[in-house]
Amino acid sequence: MPDVVHTSLLRRAIHTSQLALDECERHWIPVRRSWRLNERHYGALQGKDKKETLAQYGEEQFQLWRRSFDVPPPPIDDADKYSQAGDPRYAGLGSALPKTECLKDVIDRMIPYWESDIIPDLNSGKVVLVTAHGNSLRALVKHLDGISDEDIAGLNIPTGIPLLYELDDNFVPTKKGGEYLDPAAAADAITAVANQGKK
């Protein structure tokens with residue numbers, strides 16, 4: 001059972017953490033929220049669904065933005081209705097507020113949180129639940145498992161299926177890749193994620 005939850009500032013991850021706490025009847029444990037666990041910022045593509053983006057830019061460009069390690073989409077304009085500029089959740093971030101991100105950028109913002117907030121909880125013997133998003137979880141898994149920049153493109157994290165990592169005293173996974181608590185559902189969902197955005 002979790003002793004503490006770390007989640008993003010986005011509604012769907014916060015809601016998932018609440019559902020998990022409902023299920024295990026641990027509403028009273030601390031829930032820590034950070035923008036550093038937010039989903040990747042898709043820049044000028046924010047607010048567009050995958051089919052719309054695919055139709056507008058073509059499959060090659062779509063997949064480059066979606067899966068490359070270090071190629072972000074064009075940045076969002078501050079005047080865009082999907083911009084986070086002016087959002088009170090991000091007041092005080094200044095130049096740290098993303099206008100677009102690739103997976104490398106997500107790692108660069110997420111790992112400091114892992115080191116400053118999650119590791120101390122693990123060090124104190126707590127069971128930690130992280131409810132986040134596809135790309136912030138891919139960033140964390142890449143870090144934990146030491147996945148190469150090239151190989152990370154093939155990693156798909158399914159939505160809503162718990163992935164358990166047990167770590168040794170050096171925070172190295174005892175089983176690379178962790179263990180899905182529902183392996184059959186995870187396999188189906190991984191295939192569905194991999195097929196998103198394909199014609």
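Under full-length UniProt numbering, the sequence shown has 162 at position 162, and the numbering climbs by one with no breaks.
The beta carbon of each residue, even a glycine, is placed where N, CA and C say it ideally should be.
No experiment lies behind these values; they were computed from the predicted model shown.
Whole-angstrom distance between residue j and residue i, CA atom to CA atom
i: Leu54; j: Phe62; result: 6 Å
i: Gly58; j: Ile111; result: 32 Å
i: Ile161; j: Ala13; result: 13 Å
i: Pro88; j: Val193; result: 32 Å
i: residue 201; j: Arg67; result: Nothing in the structure corresponds to residue 201, since the chain is present only between 1 and 199.
i: Tyr90; j: Gln84; result: 7 Å
i: Val71; j: Gly43; result: 12 Å
i: Gly86; j: Ala139; result: 27 Å
i: Trp28; j: Leu19; result: 13 Å
i: Ala185; j: Leu64; result: 28 Å
Classification of residue i by the beta-carbon crowding that lies within 10 angstroms, buried from 16 upward
i: Lys81; result: exposed
i: Thr16; result: buried
i: Arg36; result: buried
i: Pro183; result: exposed
i: Pro30; result: exposed
i: Asn135; result: buried
i: Ser124; result: exposed
Beta-carbon proximity list for residue i, same chain, < 7 Å, skipping 5 on both sides
i: Met1; result: Cys24, Arg26 and Val127
i: Gly178; result: Leu163, Leu164 and Tyr165
i: Ile190; result: Asn156 and Pro158
i: Pro73; result: Tyr42, Gly43, Ala44, Leu45, Trp65 and Thr100
Contacts around residue i, its chain only, beta-carbon distance under 8 Å, and the 5 residues preceding and following it disregarded
i: Leu167; result: Leu122, Leu144, Pro173 and Thr174
i: Ile118; result: His6, Val128 and Val130
i: Leu181; result: Ile161, Pro162, Leu163 and Leu164
i: Ser148; result: none
Cβ-based neighbour list, residue i, same chain, cut-off 6 Å, excluding 5 preceding and 5 following
i: Ser8; result: Leu37, Asn38 and Ala132
i: Lys142; result: Ile152
Residue ranges of each alpha helix (DSSP H) within the stretch 86-129, 4 or longer | 103-113 and 119-123
Are there three or more Cβ pairs, one per stretch, closer than 8 Å when the stretch 102-111 is compared with the stretch 75-94?
-> no
Segment contact flag, the stretch 121-137 with the stretch 89-97, C-beta cutoff 8 Å, min 3 pairs = no
Along the chain, which unbroken stretches of the alpha helix (DSSP H) at least 4 residues long are found entirely within the stretch 133-186?
-> 134-145
Complete runs of the beta strand (DSSP E) confined to the stretch 19-51 [at least 3 residues] | 31-33
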